[in-house]
Amino acid sequence: MKGFVTALQFLTIIRVSKRHEMTEKELGHSMAFFPLIGLVIGLILAGVRSLLILILPSSLADVLVIVTLVVVAGALHLDGFADTVDGLAGGKDREKILAIMRDSRIGSFAVTGLALLLLLKVFALMGVPAEVKNRTLIIMPVLGRWSTVQLASFFNYARSGQGTAQTFIRYAGKGEYLISTVVTALIVIALFRVQGVVIVLVAVLFTFLLGLYFRRRIGGVTGDIMGASCELNEALCLLLICGLFT
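And the structure:
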């Protein structure tokens, strides 16, 4: 239960207890619960959309659902995505990429990347058939948060200093990955059956290739890259379901 609360308070704006303190080890092991936190977020999104479509056009409801996702997650992974885009666009070597990613200032590439990503999510969600839209909203954050566990479990930390991602990589082992993967697969396949198998396999392959790319570019992954992976897997999930059901 403590691991679940730790993951919930790290990944969302939801606060169960103000006095809840976490050690680095507990934070790392909490990755086993990341897909369940994604499930919580997904259920919130599906619930919000079910209420919104009672009073608003479907397209506007979809926009507000994406806004809800950003708010509930505290824009945590969007920040990582923005830093990653800035780093890749502005840096030619490992040191420069990492330095730009660490800079708290946001550049024009990051702004453009964020705008394109959010537009992609909104329009892809609009393209998802109505009969599977709520199910899609449930699995989308599950897959996104699961992908960070895969990166932490199989790839080294790219920086030499301390960082939250280093804590995850140090303490999140194959056990956390196995648990999170089984939970993710069960959720996705339960909701999408055969298509769910395809969705899970594509997410596994995409995340692994993403990790390999960053290992080649900068020697491993960072917290920003994990955030980018979450965002990209969410977008990929929407695109896959558009393709599988239209």
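Residue numbers (this note's numbering): 755 to 1000. Idealized CB from N, CA, C, for every residue including glycine. These numbers were taken from a predicted model, which means no experiment stands behind them.
Status (buried if at least 16 other CB within 10 Å, exposed otherwise) for residue i
i: R899; result: buried
i: A853; result: exposed
i: S858; result: exposed
i: A989; result: buried
i: V951; result: exposed
i: D978; result: buried
i: S937; result: Checking the sequence, you will find Val at residue 937 rather than Ser. Buried: at least 16 other Cβ atoms inside 10 Å.
i: I767; result: exposed
Counterpart residues of residue i in DSSP-defined beta bridges
i: V975; result: Y911
Cβ distance (whole Å) where residue i is taken to contact residue j below 8 Å
i: V732; j: F877; result: Residue 732 is absent from the structure shown; the chain starts at 755 and stops at 1000.
i: Y931; j: Q949; result: The Cβ separation is near 23 Å, so there is no contact.
i: S901; j: K928; result: Between K928 and S901 the Cβ distance is about 16 Å, and since that is not below 8 Å, they are no contact.
i: M855; j: D837; result: 5 Å
i: V821; j: I798; result: No, V821 and I798 are not in contact; Cβ-Cβ is about 12 Å, not under 8 Å.
i: L994; j: I953; result: 6 Å
i: C996; j: V817; result: In fact, because the Cβ distance is near 17 Å, the residues do not count as touching under 8 Å.
i: G828; j: S784; result: Rounded, the Cβ-Cβ distance is 16 Å, inconsistent with contact.
i: I791; j: A761; result: 5 Å
i: L945; j: R889; result: 5 Å
Through-space distance from residue j to residue i, alpha-carbon basis
i: A786; j: I933; result: 6 Å
i: L830; j: A982; result: 10 Å
i: I892; j: A800; result: 6 Å
i: P789; j: L897; result: 7 Å
i: P895; j: V759; result: 17 Å
i: L879; j: L986; result: 14 Å
i: G915; j: T976; result: 11 Å
i: T866; j: T918; result: 26 Å
i: K779; j: L871; result: 33 Å
i: L964; j: L868; result: 18 Å
i: G861; j: K846; result: 16 Å
i: F835; j: I809; result: 33 Å
i: R769; j: T777; result: 17 Å
i: I795; j: R969; result: 30 Å
i: R947; j: K875; result: 23 Å
Sequence-distant residues of its chain with Cβ nearer than 8 Å to residue i (five each side left out)
i: Q920; result: Y911 and R913
i: I941; result: P789, L793, I892, I893 and V896
i: I943; result: G950, V951 and V954
i: L781; result: T760, F764, T918, T921, F922 and Y925
i: S812; result: M880 and A884
Own chain residues within Cβ distance below 7 Å of residue i, not counting five before or after
i: V802; result: V819 and T822
i: I972; result: R848, I851, L852 and A912
Cutoff 6 Å; reference residue i; Cβ partners in own chain excluding five residues on either side
i: F999; result: P883 and V886
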